[in-house]
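**Student:** Protein chains in written order, with the numbering used here: chain F, 2 to 114; chain S, 160 to 275. Take a look at the following structure, please.
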Amino acid sequence: DQQVKQNSPSLSVQEGRISILNCDYTNSMFDYFLWYKKYPAEGPTFLISISSIKDKNEDGRFTVFLNKSAKHLSLHIVPSQPGDSAVYFCAARGQTGANNLFFGTGTRLTVIP
Amino acid sequence: GAGVSQTPSNKVTEKGKYVELRCDPISGHTALYWYRQSLGQGPEFLIYFQGTGAADDSGLPNDRFFAVRPEGSVSTLKIQRTERGDSAVYLCASSPTLVVGAGELFFGEGSRLTVL
Chain F
2 DQQVKQNSPS LSVQEGRISI LNCDYTNSMF DYFLWYKKYP AEGPTFLISI SSIKDKNEDG
62 RFTVFLNKSA KHLSLHIVPS QPGDSAVYFC AARGQTGANN LFFGTGTRLT VIP
Chain S
160 GAGVSQTPSN KVTEKGKYVE LRCDPISGHT ALYWYRQSLG QGPEFLIYFQ GTGAADDSGL
220 PNDRFFAVRP EGSVSTLKIQ RTERGDSAVY LCASSPTLVV GAGELFFGEG SRLTVL
């Protein structure tokens, strides 16, 4: 039972344009959400996070939006750069103080120069 | 090194064999996690250590899987009587804090296990 879903396995975007990666979740008890980025043959690296008490968090070119009523979050990258090409995983924390993360299946982003 | 180190990076074994995968976390990180990533899937939680003790092992799929962290640093994931379905990338992560969110996870490159 996949509690965190990324329904788009891949996304291609032109350099300079906006990339929007989407994530849906089913468990309303999730209270903290993270995005990880993964290059081939490397482990995932933390990118950005958001608490459930917020609806937006911005860090440079990366912004995460959270819509709790829709159980949906998205990652916006603008402007997209070729170095952003990677697999992006959405993850959610089970409950306050819980230590296991539930990951989505990932979206492979390709930024075309 | 400065990051999480995992060995071996690649392990090919035969069905029924015993396998050990090692994780060397970032120095000083209290929390250590094991995740498993099967082909086409996201990482799946296996077990979490606070110091030497397994604080949450609810993700271990069955009793063939076991993990230890005897001195609160290096951890070993042990798989007995391996099955073809155990083939996956096993990811280790560490964190300087005990609660995800207060400090995000730092992942190693993973150990790719192939069971023939």
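Backbone N, C-alpha and C define an ideal beta-carbon position, used for all residues, glycine too. These numbers come from a predicted model, not from an experiment.
CB GLN7 (chain F) to CB PHE90 (chain F), shorter than 9 Å?
**Tutor:** yes
**Student:** Less than 8 Å between the CB atoms is what I'm expecting for TYR249 (chain S) and GLY269 (chain S), so what's the real figure, rounded?
**Tutor:** 6 Å
**Student:** Express the C-alpha separation of GLY212 (chain S) and VAL227 (chain S) in angstroms, rounding to a whole number.
**Tutor:** 8 Å
**Student:** Which of helix, strand or coil does DSSP assign to GLY84 (chain F)?
**Tutor:** helix
**Student:** Please look up how many angstroms separate the CB atoms of GLU179 (chain S) and LEU275 (chain S), rounded, as I've assumed it's under 8 Å.
**Tutor:** The Cβ separation is near 18 Å, so there is no contact.
**Student:** Helix, strand or coil: how does DSSP classify ARG109 (chain F) here?
**Tutor:** strand
**Student:** Could you work out which residues of chain C lie near ALA42 (chain F), taking near to mean beta carbons separated by less than 9 Å?
**Tutor:** Checking the listed chains, one finds no chain C in this structure; the protein chains it contains are F and S.
**Student:** Mind pulling the chain S residues with CB within less than 9 Å of THR27 (chain F)?
**Tutor:** Those within 9 Å of THR27 (chain F) in chain S number zero; the least Cβ separation is about 14 Å.
**Student:** Would you please state the rounded distance, in angstroms, between the beta carbons of LYS39 (chain F) and SER53 (chain F)? I believe it to be under 8 Å.
**Tutor:** Going by Cβ atoms, the distance from LYS39 (chain F) to SER53 (chain F) rounds to 24 Å, so no, they are not a contact pair.
**Student:** Does ARG181 (chain S) come out as helix, strand or coil in the three-state DSSP assignment?
**Tutor:** strand
**Student:** Cα separation between ASP2 (chain F) and THR106 (chain F)?
**Tutor:** 12 Å
**Student:** Suppose the cutoff is 6 Å on Cβ atoms and the five residues either side in sequence are ignored; what does the same chain contact list for ASP60 (chain F) look like?
**Tutor:** The residues are ILE49.
**Student:** By a C-beta neighbour count over all protein chains shown, 10 Å radius and 16 as the cutoff for buried, is ASP222 (chain S) buried or exposed?
**Tutor:** Exposed is the call here.
**Student:** Given that a residue counts as buried once 16 or more other Cβ atoms are within 10 Å of its Cβ, and exposed if not, what is GLU263 (chain S)?
**Tutor:** Buried, since its Cβ has 16 or more Cβ neighbours within 10 Å.
**Student:** Any Cβ of chain F within less than 9 Å of the Cβ of GLN239 (chain S)?
**Tutor:** no
**Student:** Could you compute how far the alpha carbon of GLN239 (chain S) sits from the alpha carbon of ASN23 (chain F)?
**Tutor:** 38 Å
**Student:** Measuring CB to CB, does LYS72 (chain F) end up less than 9 Å from THR108 (chain F)?
**Tutor:** no
**Student:** Between which residues of its own chain and ASP183 (chain S) is the CB-CB distance below 6 Å, once the five residues before and five after are set aside?
**Tutor:** SER164, VAL233
**Student:** Please state whether the Cβ-Cβ distance between PRO114 (chain F) and PRO83 (chain F) is less than 9 Å.
**Tutor:** yes
**Student:** Step through the CB atoms of chain S and report whether any lies within less than 9 Å of the CB of PHE31 (chain F).
**Tutor:** At a cut-off of 9 Å, the C-beta of PHE31 (chain F) has no neighbouring C-beta in chain S.
**Student:** I'd like to know whether the C-beta of PRO184 (chain S) is nearer than 9 Å to at least one C-beta of chain F.
**Tutor:** no
**Student:** What distance in whole Å lies between the Cβ atoms of ILE21 (chain F) and SER75 (chain F), which are believed to be in contact at a cut-off of 8 Å?
**Tutor:** 6 Å
**Student:** On a CA-only basis, which of F:LEU12, F:SER86, F:TYR37 is nearest ILE51 (chain F)? Give me that one, please.
**Tutor:** The shortest CA-to-CA distance from ILE51 (chain F) to any of F:LEU12, F:SER86, F:TYR37 is the one to F:TYR37.
**Student:** Does chain S have any CB closer than 9 Å to the CB of SER75 (chain F)?
**Tutor:** no
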